[in-house]
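A.B. asks: Residue numbers (the working numbering), protein chains in the order written: chain A, 311 to 649; chain B, 327 to 574.
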Amino acid sequence: MRALVVHRIAPGATVQDRGRAGYRAFGVSQGGAADPLALAEGAALLGQSPDLAVLELPGSGGVFEATAPLRIALTGAPMRATLDGAVLVWNASHAVPEGARIDIGGAVTGSYGYLHVGGGIDTDRRLGSRSAHLAAGIAAAVPAGAVLPVGADTGGAVGLCLPQDNRFDGGILRLVESFQTGLFDRETRDRFIATSFSRDARANRMGMRLNSEGGGFAARGGLNILSESILPGDIQITGDGTPYLLLRESQTTGGYPRIATVIPADLPRAVQTPSGGRVQFRFVARQEALEAEMRLRAHLKVLPKLCTPLVRDPMQMRDLLGYQLISGVTAGGAFEEGE
Amino acid sequence: MTAEPPHFFSPVIRPAGLTGVLVSFGDILSEPANRAALAFSAAVARAGIDGVEECAPSLVSVFVQFDPLHLDLEVLVARLTALLEDQDWYAAPMPEGRRFIRVPTVYGTDLAPQLAEAAAAAGLSVDAAIAQLSDARVRVQTIGFAPGQPYLGLLPEAWDIPRQTALTKAVPEGALVVAIRQLVLFSVANPTGWRHVGQTALRLFRPDSDTPFFLRPGDEVQFVQASPDVLTQHADDPDGGAVIEAIR
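(1) Got a sec? Which residues, its chain only, sit under 8 Å from Gly-438 (chain A) by beta carbon, not counting five neighbours each side?
(2) Can you name the start and end residues of the beta strand (DSSP E) that Met-604 (chain A) belongs to?
(3) My guess is that Thr-345 (chain B) and Gln-391 (chain B) are in contact by the Cβ rule of under 8 Å, so how many angstroms apart are they, rounded?
(4) Between A:Phe-507, A:Gly-543, A:Pro-360, A:Ala-335, which has its C-alpha nearest Arg-328 (chain A)'s C-alpha?
(5) Near Ile-339 (chain B), which residues of its chain fall below 6 Å by C-beta distance, leaving aside the five closest residues on each side in sequence?
(6) Considering only their Cβ atoms, is the gap separating Val-338 (chain A) from His-443 (chain A) smaller than 8 Å?
(7) Which residues, in chain order, does the region 377-388 of chain A contribute to contact with chain B at a C-beta distance below 7 Å?
(8) Between which two residues does the beta strand (DSSP E) holding Leu-541 (chain A) run?
(9) Who are the neighbours of Ile-469 (chain B) on chain A, taking C-beta pairs under 7 Å?
(10) On a Cα-Cα basis, can you pick out the residue from A:Glu-366, A:Pro-459, A:Ala-451, A:Pro-614 that is closest to Leu-472 (chain A)?
(11) For Leu-458 (chain A) and Ser-560 (chain A), I'd like the C-alpha separation in whole angstroms.
(12) For Gln-440 (chain B), which residues of its own chain have a beta-carbon under 7 Å away from its beta-carbon, when the five flanking residues on both sides are left out?
(13) Hey, how far is the Cα of Ile-545 (chain A) from the Cα of Arg-390 (chain A)?
(14) Consider the Cβ of Gly-519 (chain B): report whether some Cβ of chain A lies at a distance smaller than 8 Å.
(15) Along chain B, in chain order, which residues have C-beta atoms closer than 7 Å to that of Ala-511 (chain A)?
(16) Which residues in chain A sit within 7 Å of Val-452 (chain B), going by Cβ to Cβ distance?
(17) Quick one, which residues of the region 423-451 of chain A are near chain B if we go by CB-CB under 9 Å, in chain order?
(18) Is Ala-344 (chain A) helix, strand or coil by DSSP?
(19) Decide if the region 413-431 of chain A is in contact with the region 372-388 of chain A; the criterion is three or more beta carbon pairs, one per stretch, under 8 Å apart.
(20) Near Thr-562 (chain A), what residues of its chain come up, given a Cβ to Cβ distance below 8 Å and the 5 sequence neighbours on each side ignored?
(21) Going by alpha carbons, who is nearest to Ser-522 (chain A) out of A:Pro-542, A:Pro-553, A:Thr-498, A:Gly-492?
(22) When we look at the beta-carbon of Glu-408 (chain A) and count the other beta-carbons within 10 Å, is it buried (16 or more) or exposed?
(23) What do you get for Pro-584 (chain A), buried or exposed, if any count of 16 or more other CB atoms within 10 angstroms of its CB means buried?
(24) Per DSSP, what kind of secondary structure is Pro-453 (chain A) in: helix, strand or coil?
(25) Can you tell me whether Arg-521 (chain B) is helix, strand or coil according to DSSP?
(26) Can you tell which of B:Pro-473, B:Pro-358, B:Gly-423, B:Asp-393 has the C-alpha that lies nearest to the C-alpha of Val-510 (chain B)?
(27) Beta carbons nearer than 8 Å to chain A: which residues of the region 374-400 of chain B have them?
(28) Just reading off the beta strand (DSSP E) that Ala-553 (chain A) is part of, what are its end residues?
(29) Pop quiz: Glu-375 (chain A) and Ala-323 (chain A) are said to be a contact at Cβ under 8 Å. What is the actual Cβ separation, rounded to whole angstroms?
(30) Grouping DSSP H, G and I as helix and E and B as strand, with all else coil, what is Ser-403 (chain A)?
(31) Kindly indicate if chain A contains any beta-carbon less than 8 Å away from that of Gly-479 (chain B).
(32) Cα separation between Arg-425 (chain B) and Glu-571 (chain B)?
(33) Less than 8 Å between CB atoms is the rule here; does Pro-419 (chain B) satisfy it with respect to chain A?
(34) Mind checking if Pro-574 (chain A) is an interface residue toward chain B, Cβ cutoff 8 Å exclusive?
(35) State yes or no: is the beta carbon of Phe-539 (chain B) nearer than 8 Å to at least one beta carbon in chain A?
(36) In the DSSP output, what is Glu-380 (chain B) paired with across the bridge?
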């Protein structure tokens with residue numbers, strides 16, 4: 311069986327794909343990979359569908375063994391990784407011979423790293439998706455000792471990389487107004503925008519608490535409003551005035567008022583903000599948010615073309631031989647194939 | 327639930343983030359507004375508007391998720407406005423196939439430690455609080471927050487109590503919590519700002535079943551007082567000892 315044996319793994323690591331749409335009316339949020347951009351990058355590096363499932367690694371990785379020759383890609387928060395002791399470049403694809411061990415350490419920066427395999431992780435679908443939805447009790451974190459089945463790989467190049475991104479250190483997150491923004495008075499909104507927040511250590515796939523100096527950000531009538539639909543990116547203010555940024559696995563409705571919504575194009579940066587990392591918010595007009603969305607989608611489309619052959623250290627040619635054995639295609643050849 | 331239609335309120339359509347709109351039939355909970363939301367959500371789904379990805383009713387609103395690069399907000403608002411004018415949504419009937427479900431519930435004790443606190447907030451003795459909560463026949467107004475998790479109401483006026491200022495770290499599956507004249511029955515362990523007054527053995531979400539969601543909007547529920555050993559007896563029964571009958 312093609313599989314990935316898990317010898318050691320970060321707590322909270324899960325199998326993720328694009329999540330399950332269509333269950334909002336039943337109280338199930340879409341979930342899926344916390345950083346969908348990283349999901350798309352891995353799919354581009356391996357030349358396969360972005361619908362395939364991957365392993366999401368929060369904060370650090372683990373030790374994995376291939377039971378068959380596999381192609382892998384590593385994306386998202388950069389982590390120190392080796393293959394049988396040889397350094398693996400992040401944001402790149404690699405060949406893993408049968409029996410080889412992938413050792414992925416802690417995140418250098420950012421929050422969520424991703425281990426992709428050619429053919430995808432082939433666990434059972436529930437409600438149409440392989441994504442664990444921890445908040446809903448659908449599937450669970452992957453434990454040490456697990457054997458993750460890997461689907462059939464249509465094959466393709468390895469030894470490709472994508473440019474390193476800068477979304478792993480927090481920064482400016484753009485907001486659009488929500489239907490509850492008006493519950494917060496002008497002074498509170500202005501102060502919110504002027505405040506620099508740090509991501510609390512207690513973040514998860516549902517959301518992250520944002521800490522700041524100074525007072526909270528209470529809304530008028532804040533504890534007695536009707537529960538209303540939530541979408542990923544909403545910034546909820548709890549009773550004591552603390553903001554929480556709600557993510558893809560958040561609850562579908564909630565009664566704490568939302569001051570604004572982070573635009574989808576900035577959610578990868580938001581979720582990748584490391585513990586203690588700083589973020590600040592800026593309101594943008596709807597048109598600017600739409601243009602950001604257009605740019606993001608155009609970027610996703612050209613990702614396969616942005617993959618370039620890794621420039622190799624001759625000391626690590628062993629890896630180069632490895633991938634020729636598996637695919638018979640050199641990195642350069644695949645690059646010329648384009649999409 | 328308030329019986330009078332909220333004539334003072336005309337439905338409003340507002341953007342929700344970049345990828346959603348919210349159609350609201352009220353700013354407070356009323357039965358006509360809740361019925362309007364349930365019926366309008368079904369109508370939006372049936373309309374099959376190109377670019378609409380998902381719609382879901384909440385208590386008195388409908389959330390419509392769409393692709394803003396495929397469908398202009400203005401076009402969507404125009405389509406929804408036309409749909410709103412089709413009929414008097416406040417007069418829409420309740421959904422078909424409703425059921426009345428009586429669920430054994432332990433009030434207070436270690437299983438539901440905030441009963442006394444909630445009773446005090448409602449200005450009631452603990453006994454009066456149990457009597458009111460266990461007598462109330464409440465309706466599922468919407469499913470939300472977590473898988474298959476119902477918001478139920480309306481409770482008597484006294485229960486118009488606010489949420490707590492701080493979140494309770496977690497209440498367990500089957501927990502009955504209260505705030506703002508509503509009950510919520512938890513389908514999975516989760517943090518909450520509502521007060522934990524009762525505990526049931528009901529499993530609302532069964533991800534491996536063909537019918538993963540036990541309750542539907544429109545179902546009516548009574549949380550009948552039971553002793554802790556009744557819950558123990560029904561620990562292996564996903565229905566938690568609930569008695570179900572059809573509403574005709």
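No residue lacks a Cβ here, since even glycine has one placed at the ideal position from N, Cα and C.
C.D. replies: On the basis of the data shown:
(1) Hits under 8 Å: Arg-330, Gly-332.
(2) Where Met-604 (chain A) is concerned, there is no enclosing beta strand (DSSP E), although the alpha helix (DSSP H) it sits in stretches over 596-616.
(3) At roughly 6 Å, the Cβ-Cβ gap stays under 8 Å, so Thr-345 (chain B) and Gln-391 (chain B) are in contact.
(4) Looking only at A:Phe-507, A:Gly-543, A:Pro-360, A:Ala-335, the smallest Cα-Cα distance to Arg-328 (chain A) is reached by A:Pro-360.
(5) If you ignore the 5 residues before and after Ile-339 (chain B), its C-beta comes within less than 6 Å of the C-beta of Val-347, Val-349, Val-403, Leu-406, all in its own chain and listed in chain order.
(6) Val-338 (chain A) is positioned such that its CB atom lies closer than 8 Å to that of His-443 (chain A).
(7) If the cut-off is 7 Å between Cβ atoms, the region 377-388 of chain A has nothing near chain B.
(8) Neither: Leu-541 (chain A) is in no beta strand (DSSP E) and is coded neither H nor E.
(9) Those within 7 Å of Ile-469 (chain B) in chain A are Ala-335, Phe-336, Gly-337.
(10) Residue A:Pro-614 is the option with its Cα nearest to Leu-472 (chain A).
(11) When rounded, the distance between both Cα atoms is 26 Å.
(12) When the five nearest sequence neighbours on each side are left out, the beta carbons in the same chain lying within less than 7 Å of the beta carbon of Gln-440 (chain B) are those of Arg-521, His-522, Val-523, in order along the chain.
(13) Between the C-alpha atoms of Ile-545 (chain A) and Arg-390 (chain A) there is a straight-line separation of about 32 Å.
(14) At least one chain A Cβ lies under 8 Å of Gly-519 (chain B).
(15) What Ala-511 (chain A) touches in chain B: nothing, since even the nearest Cβ is about 16 Å away.
(16) Here the premise fails: no neighbours, minimum Cβ distance about 23 Å.
(17) So the close ones are Arg-436, Leu-437, His-443, Ala-445, Ala-446, Gly-447, Ile-448, Ala-449.
(18) Here Ala-344 (chain A) sits in coil by DSSP.
(19) Output reads yes: the region 372-388 of chain A touches the region 413-431 of chain A.
(20) Arg-334, Gly-337, Val-338, Ser-339, Ser-539, Ile-540.
(21) Taking Ser-522 (chain A) as reference, the option from A:Pro-542, A:Pro-553, A:Thr-498, A:Gly-492 with the minimal CA-CA separation is A:Pro-553.
(22) The residue is exposed, with fewer than 16 neighbouring Cβ atoms inside 10 Å.
(23) By the 10 Å Cβ count, Pro-584 (chain A) comes out buried.
(24) It is coil, neither helix nor strand.
(25) Three-state result, Arg-521 (chain B): strand.
(26) If we check each option's Cα against that of Val-510 (chain B), B:Pro-473 comes out closest.
(27) Hits within the stretch, in order: Glu-379, Glu-380, Cys-381, Ala-382, Pro-383, Ser-384, Leu-385, Val-386, Ser-387, Phe-389, Gln-391, Pro-394, Leu-395, Leu-399.
(28) What sits at residue 553 (chain A) in the sequence shown is Pro, not Ala. Start and end: 553-556.
(29) The Cβ separation is near 15 Å, so there is no contact.
(30) Here Ser-403 (chain A) sits in strand by DSSP.
(31) Output row for Gly-479 (chain B): interface = no.
(32) When rounded, the distance between both Cα atoms is 6 Å.
(33) Not closer than 8 Å to any Cβ of chain A, the Cβ of Pro-419 (chain B) fails to qualify, so no.
(34) Pro-574 (chain A) counts as touching chain B.
(35) Interface residue, yes.
(36) According to DSSP, Glu-380 (chain B) bridges with B:Gln-391.
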